[in-house]
Amino acid sequence: LDVDIEDVNDESPSFAQSRYEFRVRENLPPMSRVGGIDAADRDAGRNGRVSYAIDQASPDADLFRLGSTSRGDIFTSTSLDREQKSELRFSLIATDHGSPSRNATTQVVVRVIDENDVAPKFSAEQFTYELFEGEPIGTLVGNLTAFDDDEGLNANISYSIQSPLAQAVPFSIVSLDSGGRTAQIRTSAKVDREALVLLANRADEKAYMFTVRAMDRGHPPLTGTCRVKVIILDRNDNSPDWIVPSAQLSAVNVSRHEQTDRAFIELKAVDSDDGDFGRVRYSILAGDPHGLFSIDSIG
1 LDVDIEDVND
11 ESPSFAQSRY
21 EFRVRENLPP
31 MSRVGGIDAA
41 DRDAGRNGRV
51 SYAIDQASPD
61 ADLFRLGSTS
71 RGDIFTSTSL
81 DREQKSELRF
91 SLIATDHGSP
101 SRNATTQVVV
111 RVIDENDVAP
121 KFSAEQFTYE
131 LFEGEPIGTL
141 VGNLTAFDDD
151 EGLNANISYS
161 IQSPLAQAVP
171 FSIVSLDSGG
181 RTAQIRTSAK
191 VDREALVLLA
201 NRADEKAYMF
211 TVRAMDRGHP
221 PLTGTCRVKV
231 IILDRNDNSP
241 DWIVPSAQLS
251 AVNVSRHEQT
261 DRAFIELKAV
271 DSDDGDFGRV
281 RYSILAGDPH
291 GLFSIDSIG
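Going by the UniProt record's numbering, 25 is the number at position 25 of the sequence shown; the sequence numbering is gapless.
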């Protein structure tokens, strides 16, 4: 006797793993292949034929699609952006063609690989600091911060100062941490306020204006810039210089009949400091034991 045993749909499809992980680069065009998953069903005929579908209730189901329902080949349905979300998850369902049908589910995790597609950006477009003139080399001027939403070397930032052609910049910049998120500007030479040119928009302000560039270590590298203004504050570091008297005018003759309280010479001295530091006051220190002369204290 030959006995043919007819199949009953008593086996569910099964995946080799309960969880699958794939890696795919960001910014790839839609329909880029992510990977493939197969499910097995030990039943025969229709009962063992498997179709696949992405569970649309999954969090990131709308970002992926299958090449066909008969195969578990997974493709992107849109370009992925790691900076928006670096790990994507959805469920894949395998269903057989029996009646009633049976199914199985596995979890799919897609890790999005970073591309260097984001340039460093400073926390502000301009940073303004104040610094007294004459400070020693290495004096801290100020901190600035930049960030890059990429990861790894693509987010590792280095800094440089882009000085204007007409103005030497006595500053240096160095990163404070390995990723370069924070940097410090320090003096690389002593600053003399009196050697600077007044800014056009401020009659009393002298400052250095320059650009700081932040560059990541991606391939190719991307850059961002900010403006930096360092206002140099005055110190009373200059003595007055005599204009009159001078080598050409060091003596003056006065008649013995000269009227009292009448000026017979105008003395003049200048001080290159600013404000009260540059305002000159006059006094007679010696040489007039009988008090025959007086001088205006403020010229």
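Yeah, the Cβ is synthetic: ideal placement off N, Cα and C, and Gly gets one too.
Out of the options, state which residue places its alpha-carbon closest to the alpha-carbon of residue i.
i, options, result
"residue 82", "152, 219, 37, 125", "152"
"residue 125", "146, 107, 27, 109", "146"
"residue 27", "229, 61, 86", "86"
"residue 55", "104, 140, 79, 277", "104"
"residue 48", "249, 14, 169, 33", "14"
"residue 178", "142, 209, 217", "217"
"residue 35", "272, 183, 67", "67"
"residue 268", "297, 255, 290, 289", "297"
"residue 130", "99, 40, 207", "207"
"residue 214", "122, 285, 164", "122"
"residue 259", "274, 292, 249", "292"
"residue 182", "120, 205, 195", "120"
"residue 98", "41, 107, 117", "41"
"residue 272", "155, 251, 195", "195"
"residue 171", "65, 163, 164, 188", "188"
"residue 230", "142, 250, 107", "142"
"residue 266", "285, 295, 288", "295"
"residue 107", "100, 116, 88", "88"
"residue 219", "282, 117, 252, 249", "117"
"residue 221", "115, 285, 246, 249", "115"
"residue 278", "239, 286, 256", "239"
"residue 73", "31, 102, 164, 287", "31"
Are the Cβ atoms of residue i and residue j separated by less than 8 Å?
i, j, result
"residue 133", "residue 261", "no"
"residue 243", "residue 191", "no"
"residue 11", "residue 43", "yes"
"residue 237", "residue 270", "no"
"residue 90", "residue 60", "yes"
"residue 159", "residue 173", "yes"
"residue 186", "residue 109", "no"
"residue 157", "residue 149", "no"
"residue 50", "residue 94", "yes"
"residue 80", "residue 24", "yes"
"residue 75", "residue 33", "yes"
"residue 69", "residue 57", "no"
"residue 212", "residue 197", "no"
"residue 127", "residue 161", "no"
"residue 45", "residue 4", "no"
Under a three-way DSSP split, which group does residue i fall into?
i, result
"residue 90", "strand"
"residue 142", "strand"
"residue 73", "strand"
"residue 264", "coil"
"residue 62", "helix"
"residue 279", "coil"
"residue 67", "strand"
"residue 12", "coil"
"residue 38", "coil"
"residue 253", "coil"
"residue 47", "helix"
"residue 85", "coil"
"residue 21", "strand"
"residue 54", "strand"
"residue 33", "strand"
"residue 296", "coil"
"residue 106", "strand"
"residue 96", "strand"
"residue 244", "strand"
"residue 270", "strand"
"residue 118", "coil"
"residue 286", "coil"
"residue 5", "coil"
Please check the pair residue i and residue j, which I expect to be a contact at CB under 8 Å, by giving their CB distance rounded to whole angstroms.
i, j, result
"residue 92", "residue 77", "The Cβ separation is near 14 Å, so there is no contact."
"residue 140", "residue 184", "6 Å"
"residue 176", "residue 226", "Not quite, the Cβ-Cβ distance comes to about 16 Å (not below 8 Å), so this is no contact."
"residue 280", "residue 264", "No, residue 280 and residue 264 are not in contact; Cβ-Cβ is about 20 Å, not under 8 Å."
"residue 9", "residue 96", "7 Å"
Task: Complete runs of the beta strand (DSSP E) confined to the UniProt domain "Cadherin" (123 to 242) [at least 3 residues] - done: List check, beta strand (DSSP E) in window: 126 to 132, 140 to 147, 157 to 162, 171 to 175, 182 to 187, 207 to 216, 223 to 233.
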